[in-house]
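Take a look at the structure below.
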Amino acid sequence: MPTPPILASPNGTLVGGLELSNQGGIATLTKAGLEAGWNFGNGGLGYPWCPTSSWLNIVDSIHPWKPLVWGAAQSTTTWKAGYSKYLTATATKTYSESDTFMACKPVGLTAAEFVAAPKWTLFLLTDGTLPTAYDESLEKVELKTCVKTKLLVGPVGIYYYFMKEVYYALRS
């Protein structure tokens, strides 16, 4: 049984209800996202919760939209997250705290392909302003489709706590 996904919010928007996913190392929103538990250790966001094999990392950029990628190593330690909470990047030397993300349609998908399997590329948005012109970090998205969203880590039920207890019992 899966644990809660991380959902784009609010519902009723173009991306509302889509789930955080990993598409070839790129953070995306899709209909069926990651649901095997989350690791929030050391200011990170890892998947699955144990053993963690992928970490959501913020790519450094001079622009207020920061690409998000999945990697085997945890390089971002500034996530503030937990079940039933919005994913937030805490302040660094280069940007203020933000819980706002930008989702954009990738280039190269036909309308039929996109309707059948929507996939939005995710960025951290650090100043709340959507881009109006292309730069090197936006070459693979359709700029006019970009929208703001928030990411809500779903609430956890009894299943999560049961599996966590089983895991620790097996380790001892």
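Here the working numbering is used: position 166 in the sequence shown is 682, and no number is missing along the way.
Quick reminder that beta carbons are idealized off the backbone N, C-alpha and C, glycines included.
Output needed for residue i: all residues of its chain with C-beta closer than 7 Å, excluding positions within five of it in sequence on either side, in chain order.
i, result
"Asp643", "Pro580"
"Gly532", "Ala524, Ser525 and Pro526"
"Gly528", "none"
"Pro583", "Val575, Ser577, Phe639 and Ser653"
Quick check: the Cα distance between residue i and residue j, rounded to an integer number of angstroms?
i, j, result
"Phe556", "Pro671", "14 Å"
"Tyr599", "Ala588", "22 Å"
"Ser688", "Pro521", "Residue placement at Ser688 is poorly supported in this model, since its pLDDT is 45, which falls under 50; the coordinates still yield a value, given next. Each residue's alpha carbon lies about 29 Å from the other."
"Leu625", "Ala632", "11 Å"
"Leu646", "Leu640", "11 Å"
"Gly541", "Trp571", "10 Å"
"Glu535", "Val657", "18 Å"
"Tyr563", "Ser537", "10 Å"
"Trp586", "Lys609", "22 Å"
"Thr665", "Asp651", "21 Å"
Enumerate in chain order the residues of its own chain whose CB-to-CB distance from residue i is below 6 Å, with the five nearest sequence positions on each side excluded.
i, result
"Thr592", "Asn573 and Ile574"
"Leu561", "Leu572, Trp595 and Ala597"
"Leu668", "Leu523, Ser525 and Tyr602"
Would you give the residue range spanned by the beta strand (DSSP E) that residue i belongs to?
i, result
"Gly587", "Trp581 to Gly587"
"Leu523", "Ile522 to Ser525"
"Trp571", "Ser570 to Ile574"
"Ser537", "Glu535 to Gln539"
"Thr546", "Ile542 to Thr546"
Requested in this report: Kindly provide the ranges of any beta strand (DSSP E) runs that are 3 or more residues long and lie completely inside the region 614-670, ordered along the chain.
Outcome: 617-620, 635-641 and 663-669
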